[in-house]
Amino acid sequence: MEKRSFGLAGAPGPKSGKTGAGAKTSGKIGRSTTKVNKSGQFLVRGALGTGEKRVSSSALRRDTRPALDLLQSNDAVAVTHYNEVEGYLVAPDRYLSLIARAQEADERETELASTMTVLLAAARTGVPVPSEMLERVMPNIDVAKRWREIAEFAATFPIKLSAGEHGEPITRAHLSHVAGPIDESGSDDDLDLG
Amino acid sequence: MTEGTTSTEPPSDAWYTEPGAYWVPAAESEQADAWPHRYGDLFHAPASDAHGIPLTGTEGNPWEAVMVYSPSCELISKAKPTDTVEVVRVLRLDTQPDQRAAQAIITGWQEREGRLTVAFAHTIFLAPVPSHSTHDHPMFAHLKSTARVTVGDLRAAGRIGALTHDARVAVIRRDLYYRYRWLVPMADVKAAEIDRISHDPHFTPPRPDWAPMSSDR
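Residue numbers (my numbering), protein chains in the order written: chain S, 1 to 194; chain E, 1001 to 1217.
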């Protein structure tokens, strides 16, 4: 059984009068044909070429549960109002993932800008700092002759490290400097060291 | 060092001080009792460790030099010639055939895939000791190559250079990162040293300019 209409017409809801496990309805979300099976699972057929799933705002209001169930099999569902996409529905975990990825992208952008500042300064002054990018424009460096330039640049140009030597995240720590002097180093007098 | 407690410059993760600021001028450090032996000082390598095992590289060549790795207090007031202290091997930078590796040892970082990453955390770059007859060339300490030597053998081998207090702060910070992978701001390490030294009436002089004896004791 399949009925085509705009929104989620025919999906189980208060007005349909068909509820319970035996209800079997179908409808259309945007340009996708949808169907609710016996177990209440909301199915989508004939998805858009882009794979985007749509639900009208009125259908979302009327048939909230089936619309939300779409999120079990889709990253996002477009919410339309008069056929215009006005927003997207995403599942909570997907939303958190998107936020995290956006933050990562922001951090990466900041990181890249910081790195480029250092590399551009080195390139402008011709200092061959260790860099994959600069290696292409400053190959065959004789460190024995140029070590001082590198060391002075490294000591004076501010840098921000992004990762450990294997790419691992860096643990940043702060010291609480209230200890004062250490009167004696540890003594072995009271230890039996064999 | 580019990060200070009162600096208005942006904080930096830079590892080392400028090369000209590593070593106490020989005219000062070679005066009798002027500069005690301390953590970070550069010595000629004794021929063998405290157990008589030769200090040689994988090809049998004697170590070029050693950097003191034991706390200063183990070297100064109560050290007997038979006491042992920890040292790490120091190599000439020009022993490294890979120029890229040598560059990264100097900076302590490198750019990879658009990121600045720590490089060779088990090394500490050491600037040349100016005008020294045998060690006026860039070097690095290899923190994985440790040995215990007697204080007597170390003294007999002789000091090459006395590390400045500023450079010692940088060495402590790099050592912290090597041992625990904790990246501590230079300013924090220096502040801790200021607090420790300025409150220590028994600190063997000369004191750092930035850590005068506190008047509150």
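Beta carbons: idealized from backbone N, C-alpha and C, even for Gly.
Check, Outcome
"C-beta contact flag for E135/S and R1115/E at 8 Å", "no"
"contact_flag[the region 1010-1021 of chain E, the region 1039-1055 of chain E] where n(CB pairs < 8 Å) is 3 or more", "no"
"Own chain residues within Cβ distance below 8 Å of L1126/E, not counting five before or after", "Y1022, L1042, M1067, V1090, P1138, M1139, F1140 and A1141"
"contact_flag[the region 114-130 of chain S, the region 1095-1109 of chain E] where n(CB pairs < 8 Å) is 3 or more", "yes"
"Beta-carbon contacts of V85/S that lie in its chain and below 6 Å, excluding the five residues immediately before and after", "A78"
"Any chain S beta carbon closer than 8 Å to S1012/E", "yes"
"Collapsed DSSP secondary structure at Y88/S in the structure displayed", "strand"
"Assigned secondary structure, W147/S (DSSP; H/G/I helix, E/B strand, else coil)", "helix"
"Amino acids of chain E, ordered along the chain, whose beta-carbon sits closer than 8 Å to that of E165/S", "T1117, V1118, A1119, F1120 and A1121"
"S1145/E - containing beta strand (DSSP E), residue span", "M1139 to T1150"
"Short Cβ contact (8 Å threshold) for E1074/E with V1087/E", "no"
"Paired residues, beta bridge with E1111/E - DSSP", "S131/S and L1116/E"
"Which of helix, strand or coil DSSP assigns to A1162/E", "coil"
"Sequence ranges, beta strand (DSSP E) only - wholly within the region 1023-1050 of chain E, length at least 3", "none"
"V1189/E: first and last residue of the uninterrupted alpha helix (DSSP H) it sits in", "M1186 to S1198"
"Pair within 8 Å by beta-carbon distance, A173/S and V1189/E", "no"
"Best match in R1159/E, Q1103/E, T1058/E and R1174/E for proximity to P139/S [C-alpha to C-alpha]", "Q1103/E"
"Per-residue burial, R1173/E [other beta carbons within 10 Å of its own, 16 or more giving buried]", "buried"
"C-beta atoms of A1170/E and W1035/E nearer than 8 Å", "no"
"For R54/S, three-class secondary structure by DSSP", "strand"
"P1081/E and V1151/E closer than 8 Å at C-beta", "yes"
"Same chain, Cβ closer than 6 Å to E52/S, five either side skipped, listed in chain order", "A78"
"Selection from E1028/E, Q1031/E and H1037/E that minimises the alpha carbon distance to R1155/E", "H1037/E"
"Cα-Cα separation, T64/S to H81/S", "15 Å"
"Local conformation of L1176/E per DSSP, three classes", "helix"
"C-beta contact flag for L1163/E and G1040/E at 8 Å", "yes"
"Partner residues on chain E for I99/S, Cβ-Cβ distance less than 9 Å", "Within 9 Å Cβ-Cβ: nothing; I99/S doesn't reach chain E, min ~22 Å."
"C-beta neighbour in chain E for A76/S, strict 8 Å", "no"
"Residue span of the beta strand (DSSP E) that contains T80/S, given as start and end", "V77 to H81"
"Under 7 Å from the C-beta of P128/S: neighbouring residues of chain E", "Q1103"
"K145/S, buried or exposed, once every other Cβ within 10 Å from all chains shown has been counted against 16", "exposed"
"C-beta neighbour in chain E for K160/S, strict 8 Å", "yes"
"Contacts around S1072/E, its chain only, beta-carbon distance under 6 Å, and the 5 residues preceding and following it disregarded", "R1038 and Y1039"
"Burial state of S176/S (16 or more Cβ within 10 Å)", "exposed"
"Cβ-based burial, G126/S [other Cβ within 10 Å; buried from 16]", "exposed"
"Alpha-carbon to alpha-carbon, G194/S and G1060/E", "32 Å"
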